[in-house]
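Same order as they appear, the protein sequences are chains X and D. Residue numbering for the first sequence is 10 to 169, as defined by this note's numbering. Residue numbering for the second sequence is 1164 to 1655, as defined by this note's numbering. No residue lacks a Cβ here, since even glycine has one placed at the ideal position from N, Cα and C. For reference, the structure is listed below as C-alpha cells.
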Amino acid sequence: MTAPGDARSRRAAVSAIVISTLAIGGGYASAFVGGGAPPWGGWLFAAGVTGVLVATLALGALRRDATLGRLALPFALTAVMIGAGFVAVFALPDTGASEPLLFGLPRRAAIVLYGIGLFPTLVLPVAYALTFEAQTLREADLARLRAMTRATQAADEGAG
Amino acid sequence: MPRIASPLIIVVALLYFAGVVAISVWSARRTRTTRDFFVAGRGIGLVALTVASVSASVSGFIFIGGPGLLYRVGLGALWIVLPASLTNVLGAWVLAKRMRLLGEVRGAMTVPDAIGARYRSPAAQGIAAVAILIAVVGYMATNCLAMGYVVDAIFGVGMGWGIWIGIGITLAYSVAGGILAGVYNDVFQGTLMAVASVLVFGYVLRVNGGMSGISHAIMPVAPAFLGPWGTMTPIAALSFFFVFGMGALGQPQSVHKYYMLKDPLQLKWYPLLKTLGLILVLLLYFGVGVGVKALVATGRMAPLSVADEATPRFLLGFTPVLLAALVFSGIAAATMSAINGFINIGAAAVTHDIPVALGRTLVDELRWGRVATVVIAIAAALVARYSGTMVAFLGIFGWGLFASTLVPSLAFGLNWEGATREGAIASMATGLTVTVTFETLAYFKAYSFPSGVTVSGLSLVLSILAFFTVSGLTRRAAPGQLDPDVRAVMEL
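Now the structure itself:
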C-alpha cells in the first residue's frame, strides 16, 4: 500500500501540474483576443509555467516511502524566487534608456538573468546532491531491486 | 555564412577531424554487441557522461543561430537557454534514476522501450518509435544543412559537397563505433567548446568594456533590446521558457544517455556538473549576441545583413585566429555529434522498437543497426540537399514533436501510477496530430497562430491535458497495467 502522506503529495503535485497547464493554455488563449494579448495573459502564463516546472520537480522527487521532507524548502524557495522574479519584471515600470543597471544589466533584465536564470542553479542541483541518499537512491534500494530482478528471472527460467 | 578559409583555420579543422577519426577507430574496437552500439554497454563514467551530455544538448544552433537570434530580437532569445538552470535537475529527479533502473531490470535501451515497459503496451512503444523516427529525420536534415554551411565556409567546397563530406565523416564513426564513438567524440569536443566559449566571452567583455559597457552602448539606441522580453511579446518569450523547459524531458538524444551510466549511484553529482558545464558553453550564445549588438551600436562593426553572421564576424574581427579556428571546427563537430546522436536513436527505432511493437525481433540487431544508420543518414542528407526552405520547417517540427509526444507519457507516466496506456496513446496521438497539422498549415501559409503562440507550445499543452483527462477517464485500468518490477522502479 502506498503511504498516505506520499499519496497526498503525489495527488497535490499532479493537480498542480494540471492547473498550471490550464493556466498556460489560458495564456495562449488570451493571444487569440483581437488586438493582441491582454496583460493578464502574460501573468497567467508566468504563473502557469512556474507552477508546472516546480510541480513536476516535486512529482519526480517523491518516493513511495516518504514525503518531500527536506526538499520542500529548496522547491518552495525556487518557486518563490521565480514567481517573485516574474512579478518584479511585470510590475516594475519600463523606463527605457534610463533604467538603472544591476550587475551590469538594466534592472529588469538582471532580475531575469540572475534571479530566474541563475538562482535555481545555486539551489536545486546542490539540494539534489545533498539529499541524494535520503531522498533519491540508496545502496539498499539497488540491492533490493537487483534481488527482485534475480528472483523474477529465476522464476521465469523455472517456468520456461 | 562568410568564407572563413585561411591556412591556419584549415589546418586546425583537419587536426580536429583527425582527432575525431582516432577516437572513432578506438571506439569501434570496443563495440561488439547491440548494447555496446546503442547504450555504450552501460559503461560510461560520471565525468564522461556529463561532458558528453552537455555536448549533446547543444548543436550548431547554440553557436550560430542562437547568437544571431539574440542579436535580432534581444534578450527575448535568452528565454530559450534560461531553463538550462532547471532542466538538468528536472531530468535527474523525473527520469534519470527510473530510466537507468529500467535499463537494469528490463534491459531497456531506448525511450520507446521505457514507454512500452511502463504501460505494458507494444502499441504505445510503436507509436513513440514512429514519432521519434519522423522527428529524427527532420532534425537531422536541419543539422546536415548547418554542417554543410560550416564545412563549406572552412574549406570552400560548396554547400552540396559540404553536406556529403560532413555526413561521410559522421557516418564513418557512427557505423563503426555506434553511440560509444559518439559519446567519446562528444567528450573531446564538449571540453574544447567549453574552454573556447569562456575565452570568447572574455573577448566580448574586453572589447566592450564589460557588461556595463555593453548596456551603456545598447540602451541609448535600442532600449527594448535589453528589456526582459527583448523585442518579443511576453507570451512569446514565456513560451520559449515553457517549451524548452518542459520539452527537454522529451528529447531522446539527451534522456537516452541516462541508460549509459555505469553506476546509478553516480547520478548524485550529475545535475550539478552538467548545469555548470552547460552554463560555460552558453556564455558564447549570450556574449556574442549582446556583444555584437553593442559593437554595431557604437559603429565598430557594420550592421549585419544576415543575423547568423554574428558569431563568424565577431570571431574573425575580434579574437585571435587560433581561437576562431577552434570554434569553427567545434561548430562543425557539434553538428556532427548532434547527427550521430539522432542517427543512433533513429536506427534503434527501426531495428529495435518497431519490430518489438510488431511482435518480432531481428536476428542480428547489431548488423541491422549499422545498415539502418547508413540509410537514415543518407535520407536526411538528401532531404537537407533537395528540400530547400522545408529544412527549417522540419527542424522546428522535430523539436515540437519530441516534446508533445514524449513528455506526458514518459515523464509523467514514470512518476504517476494513475497513468494509463489509453492516456499515453491519447497524448501521443494528440501531439502528433496537432504538431503535424498546424506546422504544415503554417508552412504552406494557410493558417498560423497569433504572435506569441507556438505550435510546439500549444501542442505540448494539449497533449499534457489529453494525457491526464484520458488517464482519469480510464483510471480503473491503471493498476492492472503496471508490472511489479516497473512498479518497484517507480516507487523508489
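Residue state for Ala1271 (chain D) is assigned as coil, using DSSP reduced to three classes. Excluding its 5 nearest sequence neighbours in each direction, Ile1398 (chain D) has C-beta neighbours in its own chain below 6 angstroms: Gly1615, listed in chain order. According to DSSP, Pro115 (chain X) shares a beta bridge with X:Leu110.
Counting along the chain, Lys1437 (chain D) sits inside the alpha helix (DSSP H) bounded by residues Tyr1433 to Ala1460. For Ala1460 (chain D), the closest C-alpha among the options D:Val1384, D:Leu1446, D:Trp1579 and D:Gly1440 is that of D:Val1384. Contact between Gly1413 (chain D) and Ser1619 (chain D) does not hold, since the beta-carbon distance rounds to 10 angstroms and is not under 8 angstroms. Closest in alpha carbon position to Val58 (chain X), among X:Ser24, X:Ile91 and X:Thr130, is X:Ile91. Gly1229 (chain D) is positioned such that its CB atom lies no closer than 7 angstroms to that of Phe1560 (chain D). Taking CB atoms only, Pro1383 (chain D) has a neighbour in chain X less than 7 angstroms away.
For the pair of segments examined, the segment 1343–1353 of chain D was found not to touch the segment 71–78 of chain X: the number of CB pairs separated by less than 8 angstroms stays below three. In the same chain as Tyr1336 (chain D), and ignoring 5 residues on each side of it, the C-beta atoms closer than 6 angstroms to its own belong to Ser1187 and Ala1344, in chain order.
One thing to note: Ala1566 (chain D) has its Cβ no nearer than 7 angstroms to the Cβ of Gly1223 (chain D). DSSP places Leu1424 (chain D) in the strand class (E or B) of the three-state scheme. In the three-state reduction of the DSSP assignment, Ala1181 (chain D) falls in the helix class, which pools H, G and I. Taking C-beta atoms as the reference points, Thr1568 (chain D) and Leu1604 (chain D) fail to come closer than 7 angstroms. Contact residues of the segment 1354–1381 of chain D toward chain X are Gly1373, Met1374, Ser1375 and Ser1378 (C-beta to C-beta distance below 7 angstroms). Beta-carbon to beta-carbon, Leu1238 (chain D) and Ala118 (chain X) are separated by about 5 angstroms, close enough to satisfy the 8 angstroms threshold. Annotation for His1379 (chain D): the continuous alpha helix (DSSP H) segment containing it runs Gly1373 to Ile1381.
In the three-state reduction of the DSSP assignment, Ala75 (chain X) falls in the strand class, which pools E and B.
For the segment 131–142 of chain X, the beta-carbon criterion of a distance under 7 angstroms to any beta-carbon of chain D is satisfied by Leu133, Pro134, Val135, Tyr137, Ala138 and Phe141. Below the 7 angstroms Cβ cutoff, chain X contributes Met157, Thr158 and Thr161 as neighbours of Asp1648 (chain D), in chain order. Straight through space, the alpha carbons of Glu1602 (chain D) and Lys1608 (chain D) are spaced by roughly 10 angstroms.
Between Ala1520 (chain D) and Gln1288 (chain D), the CB-CB gap stays under 7 angstroms. Taking 4 residues as the shortest admissible run, the segment 1560–1619 of chain D contains the following complete alpha helix (DSSP H) segments, listed from N- to C-terminal end: 1584–1606. Counting along the chain, Arg1533 (chain D) sits inside the alpha helix (DSSP H) bounded by residues Glu1528 to Tyr1549. If you check the CB distance, Phe54 (chain X) and Leu66 (chain X) do not come in under 7 angstroms. Your pair Ala1473 (chain D) and Gly1231 (chain D) checks out as a contact, with CB atoms roughly 5 angstroms apart and the cut at 8 angstroms.
Close to Leu114 (chain X), with beta-carbon spacing below 8 angstroms, are these residues of chain D in chain order: Met1374, Ser1378 and Leu1389. Chain-order list of chain X residues neighbouring Thr1438 (chain D): Thr130 and Pro134, by C-beta distance under 8 angstroms.
Residue contact check for Pro1642 (chain D) against chain X: no CB pair falls below 7 angstroms.
Apart from sequence neighbours up to five positions away, the residues of its chain that approach Gly1581 (chain D) with a beta-carbon distance below 8 angstroms are Ser1634, Gly1635, Arg1638 and Ala1641, ordered along the chain. A straight line joining the alpha-carbon of Leu1177 (chain D) with that of Ala1501 (chain D) spans about 19 angstroms. As a beta-bridge residue in DSSP terms, Ile1207 (chain D) pairs with D:Leu1424.
Under the Cβ criterion (8 angstroms, minimum of three pairs), the segment 1430–1443 of chain D counts as touching the segment 1241–1256 of chain D. Within the segment 15–38 of chain X, the residues whose Cβ lies closer than 8 angstroms to some Cβ of chain D are Arg19, Val23, Ile26, Val27, Thr30, Leu31, Ile33, Gly34, Gly36 and Tyr37, listed in chain order.
Annotated three-state conformation of Thr1396 (chain D) is coil, per DSSP.
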